[in-house]
Amino acid sequence: MTCTGAAFLHAPVLFFFEELALMNRVLLARLIDLVIVLFGVSIIVFLMIRLIPGDAVAIMLGANTEITPERMAELNRRVGLDRPIVEQYVLWAGAALHGDFGTSLWTGRPVATEILMHLWPTLELTFLALVIGAVLAVPVGCHMAQTHGGAADVAMRIGAIAGLTIPSFWLGIVMILLLSAWAPGFASLGYVPFSEDPIGNLQRMLLPSIALALPILANLSRLVRSAMLDALGQDYIRTARAKGLPERRVVYKHALRNALIPFLTSVGIMTGYLLGGAIVVEQVFAIPGLGRLILGAIAERNYPLIQATILVVTAGFVIVNFLVDFLYILVDPRVRA
Amino acid sequence: MFRSALRSTLSAGFVVAAMATASAQVLEIGADLGPTGLDPHLITAFPSFMVVNGNIYEGLTAIDRDLKIIPSLAESWTISADGKTYTFKLRSGVRFHDGSALEAADVVASVKRLLSKDIASPLASRLSAVESANATDAQTVELKLKEPSAALLSSLATIAIVPRSMETNKDALQKTPVGTGPFKFQEWQPNGYILLTKNEVYWEKGLPKLSGLKFNIVPESATRQVGLTNGQYALLPNIDAATALQLKGKPNVKLAETMDLAYTLVGMNVSKPPFDNPKVREAVNYAINRKEIVEAALFGAGVPGGPLSPALKSWALDVKEFGCYAHDPAKAQALLKEAGVTTPVAVSMKVLPRQDIKDVAQVVQEQLNKVGFKVELINQEQGQFIQDWRNSNFDMFASINAGQPDPDEYFYRTFRTGGSTNVFKYSDAEIDSLLDKARTLSDQAERKTAYDQVQKKLACSGPVAHLTYGTLFSAMNDKLKGYDVMPNRSLMMLRSASY
Chain Z
399 MTCTGAAFLH APVLFFFEEL ALMNRVLLAR LIDLVIVLFG VSIIVFLMIR LIPGDAVAIM
459 LGANTEITPE RMAELNRRVG LDRPIVEQYV LWAGAALHGD FGTSLWTGRP VATEILMHLW
519 PTLELTFLAL VIGAVLAVPV GCHMAQTHGG AADVAMRIGA IAGLTIPSFW LGIVMILLLS
579 AWAPGFASLG YVPFSEDPIG NLQRMLLPSI ALALPILANL SRLVRSAMLD ALGQDYIRTA
639 RAKGLPERRV VYKHALRNAL IPFLTSVGIM TGYLLGGAIV VEQVFAIPGL GRLILGAIAE
699 RNYPLIQATI LVVTAGFVIV NFLVDFLYIL VDPRVRA
Chain H
3 MFRSALRSTL SAGFVVAAMA TASAQVLEIG ADLGPTGLDP HLITAFPSFM VVNGNIYEGL
63 TAIDRDLKII PSLAESWTIS ADGKTYTFKL RSGVRFHDGS ALEAADVVAS VKRLLSKDIA
123 SPLASRLSAV ESANATDAQT VELKLKEPSA ALLSSLATIA IVPRSMETNK DALQKTPVGT
183 GPFKFQEWQP NGYILLTKNE VYWEKGLPKL SGLKFNIVPE SATRQVGLTN GQYALLPNID
243 AATALQLKGK PNVKLAETMD LAYTLVGMNV SKPPFDNPKV REAVNYAINR KEIVEAALFG
303 AGVPGGPLSP ALKSWALDVK EFGCYAHDPA KAQALLKEAG VTTPVAVSMK VLPRQDIKDV
363 AQVVQEQLNK VGFKVELINQ EQGQFIQDWR NSNFDMFASI NAGQPDPDEY FYRTFRTGGS
423 TNVFKYSDAE IDSLLDKART LSDQAERKTA YDQVQKKLAC SGPVAHLTYG TLFSAMNDKL
483 KGYDVMPNRS LMMLRSASY
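One line per chain: the protein sequences are Z and H, in this order.
Note that the working numbering has the first sequence beginning at 399, numbered continuously upward.
Note that the working numbering has the second sequence beginning at 3, numbered continuously upward.
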C-alpha cells in the first residue's frame, strides 16, 4: 500500500470536483504552452538545419561523384530545395497544420510512417529502462539512507558513482562480449517487434535496457538517499517512531512520501531524454530507434524528417513534464493550494 | 543453480533460432550503413550500391572478380568499325521481378531514364557519349555514340536495366526496386534491415542457392564483429584491415581478401599558391613515405600506389616507374627552394571524417612538416567536407575514393580540363590531348601506351598525390561457400553462394 493511495481515501468527495476544475485549468494552460513551444522549436529547427554547412544534394551524392552543376540544380528542384527559405517554411508549416509532415527527402516515404516505425523501439526501451532503473532506485536509495555511513551504504554509493561514470557505449559493448562468451547464440543484436516474436524481442531488449537503466538507477538512488536522509531527520519521523510504528512503515510511508517530489522531477526529465532516443545505446545494439533516425536524418540533411522528428520529441518532453506536474498534485497536497 | 537454469534456457532459445536459420537459409549480412534509397539511377553511395548491384539489378554487362567485362543481360555484342555503334543481343527468358519479360524496349527506356532531366540521375555522365538508343527488334538494342568511347562497356555494368513502365517514374524505385537480379526486394525497415528474397525465375538455372539476403544495418564495428563470431551474422562484406585483423583466427570465421580499387589520396588545389607550382607538388610526392603510411595507418595491409590501382593489372604501372615515389626528404627540400616559396609553407589539409583517413592525414602531416611544410589538419563533418570539396575550397584534402575498372572513367572526369570532378582546377594541355585521344582508341596496346604516359606525368606533378591501395577484406562464417570479395565492392557473387 503506497502513501499516495492512502491520501485519496481520506480526501473528502467534494475535494475531488475542485481538483477536476483545477486540472482542467492546468491542462488548458499546458496545451497553450505546448503550441507555443512547438511553434518556436519548428522555426529554430528549420533555420538551424539549413544554416549548418553542407546541403542535402551534395551529401546524397557524396565526395567524388561526377555531376554537372545543371544536374545538381535539377536534383535540388526535385526535392524542392531551390525555393527561398521563407517559402519553404510556409509551405511546410501549412501542410504540417493539416497533419501532413511531408515525405522523406530521397525515399519519398511519408515522414509520419518513418517516425512511427522508429518510435516503438524507443518507447519500449524507455519503458523498460525506467521500470528497471526507477523501481530499483527506491528500495536501494531507502536502504542506503537507513544504513548511511555503514559498509552497505558506502559500497552502494561507490556502485552508484561507477554507474554514473561508466559510459554506456562501453558498458554495452562489454555486456555484448560477455554474453556472447557466456551464452553464444543468444540473439542480443538488432530489433524484432514484440508482436512478431515476443521472446526474441525481450532477448534483444535485455542488454540495452540494462545499459540505459544503470545510470538512471545510480542517479535516482543517490537522489532518494539524500532526500530520505533529509526527511528522516525531521520531527514528524521522530514522532512516528515514538508512537511505536515499525521502522519499515516509518521509512516507506512517512519519509518516502516527502522524498518523492525531487524523485518525480528527475524521472520526468529522464523520461523526456529517453524519448528523444538513446543514440549511443541504439548504435551499439543496432536498434532502429528515434535517436538513430535523428542522427541519420541530420547527417544526410533530410530536412522534412529532422523537422518532424524534433517536433515529436519536443511534444513528448512537454507532455511528460505535464504528467509530472499532475503527479506532484497527487503526491503533495501543498501543491494544490 | 539459477545461473545454470538461465543458461540452459538461453541455449534452448539458441537451438530454436539455429534451426530456423538452417531451414530458411536467408544469409544474414552485417552492414555498417543503410542505403539512402534504392533507385539504381539515383544512388551513388556504397551502402546503396552494395544492396542493389548484381543482387536486385543487372546491367547489359557485368564486371567479374578479375575486373574483366563479362556478358550479363546482353548475351553478346558487336562494335562497328568506327567504334560508334554498339549492337547488343539480349539474353532470352529474362523476367523482371514484376513478372514482365525483358525486352529491348526496357533497355532503351532505362537509357532514356538515366539521361532524362526530370530524373536528374547523377550517373548520367557515364552515358554522356550516347547519342541515341534504339530497339531494332525485341531482343536487339543499338546504341549510337557521338564519338567512340572505350570505357562504354565497363560503364554499362553499372547502369541498371529497369522495366520500361518506370521510364518517367521518379519515386517508386527508391522505395520498391524492380529488377532482373537473382534476389528481389521484400522489405526495408529503415535503420533496421533490408530483406531480399530469392528470385524463383532467375535466368541462370539453379541460381541463386540462398533463399534470401538480409542486410542488417549495424553501425557499431564492435557489434558487427561480435555478431559474426556468435553466429548472428554470416557475412561482414568489404571491411578494412583493422576489423579484419581483430577477426583473424576467431573460431568459425574465415577471411577473404583482394586488392582494393579504392585509394587514399591527398588532393591539392592548383588554382592558388603554393600548389599552383608543379615543383611544390613534386616536393610533396618526394616528402611522402608511402610505405610508412601503409604500416602506420593500414596495419600493413596495403601497398603504395600510383594513379591506377595495382588491381588493374592490365593498366597500372609499377610504382618503381615513378621517380618521385622514392622517399627523399632532401630532394623535397631542394624542390621547395627551387620553387622559390618561403618555408615553412603554411597550408591547411581538410580531412574526410573516417578513422582510416584521419590516421593517414596525421602521418602525411608529419612527413610534410619534416621537409618544410607547416600543415594544419582540419577535421570536418561529412557534409562540410563534401561542400568544400565540390567548391574547391581547400589547399589540400585527405580522402579515399572508389576506383573504376576502366582508366578513362577515373582520369577523364578528374584530370581533364573542366572535368566534372576536377575540383583541383588542374589543366594541362598534354594530359588533355592524351585523355581525348585514349578514349577514342579501340586498340588495347595503343590505349595502354597513352595511359602509361598519363600515369607517369600525373604521378609526380599531378594535383593528386596518390598514396595507398588497401587490402579489402570480407569476413564470413566458414559455412558460407562460393562468395568472394571483389575489388569494386560488388556483392554480385552472392548469387552463386550457399550457406
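Built from N, CA and C at the ideal position, the CB exists for glycine as well.
Below 7 Å on C-beta distance, what does residue 578 of chain Z contact in chain H? 228, 231 and 232
Simplified DSSP state of residue 485 of chain Z, which is helix, strand or coil: helix
Residues bridged to residue 268 of chain H by DSSP? H:400 and H:467
Are the C-beta atoms of residue 173 of chain H and some chain Z residue less than 8 Å apart? yes
Name the chain Z residues that come within less than 9 Å of residue 65 of chain H, Cβ to Cβ? Residues of chain Z passing the Cβ test: none, with the nearest at roughly 18 Å.
By the DSSP assignment, the beta strand (DSSP E) with residue 187 of chain H in it spans what residues? Per DSSP, the continuous beta strand (DSSP E) segment holding residue 187 of chain H begins and ends at 185-191.
Can you check whether the C-beta of residue 480 of chain Z is within less than 8 Å of a C-beta belonging to chain H? no
Counting C-beta neighbours from all protein chains within 10 Å, is the total for residue 43 of chain H 16 or more, i.e. buried, or is it exposed? The residue in question, residue 43 of chain H, is buried, as its Cβ has 16 or more Cβ neighbours within 10 Å.
For chain Z, check one thing: does any of its Cβ atoms lie closer than 8 Å to the Cβ of residue 439 of chain H? no
Span of the alpha helix (DSSP H) holding residue 158 of chain H? 154-158
Whole-angstrom C-beta distance between residue 713 of chain Z and residue 432 of chain Z, which should lie under 8 Å: 7 Å
Rounded to the nearest angstrom, what separates residue 304 of chain H and residue 108 of chain H at their Cα positions? Per the coordinates, the alpha-carbon of residue 304 of chain H lies some 42 Å from the alpha-carbon of residue 108 of chain H.
Alpha-carbon spacing of residue 394 of chain H relative to residue 461 of chain Z, whole angstroms: 12 Å
Could you check where the alpha helix (DSSP H) with residue 659 of chain Z kicks off and where it finishes? 654-673
Give a yes or no on whether the minimum CB-CB distance between residue 451 of chain Z and chain H is below 8 Å. yes
List, in chain order, every chain H residue whose beta-carbon is nearer than 8 Å to that of residue 504 of chain Z. Those are 38, 39, 44 and 176, listed as they occur along chain H.
Taking Cβ-Cβ distances below 8 Å as the criterion, which residues of the segment 495-520 of chain Z are in contact with chain H? 504, 505, 506, 507, 512, 515 and 516
Which chain Z residues sit within Cβ distance under 9 Å of residue 389 of chain H? 451, 452, 453, 456 and 457
Candidates H:283, H:52 and H:382, of which the one nearest residue 370 of chain H by Cα: H:283
Starting from the beta carbon of residue 392 of chain H, find every residue of chain Z whose beta carbon is closer than 7 Å, and list them in chain order. 456
Please list, in chain order, the chain Z residues whose beta carbon lies closer than 8 Å to that of residue 221 of chain H. Within chain Z, the residues near residue 221 of chain H are 681, 684 and 690.
Can you check the segment 236-320 of chain H for any beta strand (DSSP E) of at least 3 residues that lies completely inside it and give the ranges in chain order? 237-241, 255-270 and 304-306
Three-state secondary structure (DSSP) of residue 498 of chain Z: coil
Enumerated in chain order, which unbroken segments of the alpha helix (DSSP H) with a length of 4 residues or greater are wholly contained in the segment 103-171 of chain H? 106-117 and 154-158
For residue 643 of chain Z, the three-state DSSP class (helix, strand or coil): coil
Assigned exposure category for residue 421 of chain Z - 16 Cβ within 10 Å defines buried: exposed
With a threshold of 7 Å on Cβ separation, who are the neighbours of residue 585 of chain Z within its own chain once the five nearest residues in sequence on each side are excluded? 598, 601 and 602
Just checking residue 722 of chain Z against the ligand NAD - is the residue's beta carbon closer than 7 Å to any of the ligand's heavy atoms? The model on display carries no ligand, and the ligand NAD is accordingly not part of it.
Based on the DSSP output, what are the partners of residue 28 of chain H in its beta bridges? H:214
Skipping 5 residues on each side, what residues in its chain have a beta carbon closer than 7 Å to that of residue 486 of chain H? The answer, listed in chain order, is 67, 258 and 495.
Between residue 20 of chain H and chain Z, is there a C-beta pair that is closer than 8 Å? Residue placement at residue 20 of chain H cannot be trusted, given a pLDDT of 43 that sits under 50; what the coordinates show is reported in the next sentence. By this cut-off, residue 20 of chain H is an interface position.
At the 8 Å Cβ level, is residue 415 of chain H part of the contact set with chain Z, yes or no? Using beta-carbon distances, residue 415 of chain H counts as an interface residue toward chain Z, with a partner under 8 Å.
Which term fits residue 466 of chain Z, buried or exposed, when burial requires 16 or more other beta carbons within 10 angstroms of its beta carbon? exposed
Using the Cα positions of residue 594 of chain Z and residue 487 of chain Z, report the straight-line distance between them to the nearest angstrom. 39 Å
Taking the continuous beta strand (DSSP E) assigned at residue 200 of chain H, which residues delimit it? Taken as a continuous stretch (DSSP letters only), the beta strand (DSSP E) holding residue 200 of chain H covers 195-200.
Indicate the three-state DSSP secondary structure (helix, strand or coil) for residue 444 of chain Z in the structure shown. helix
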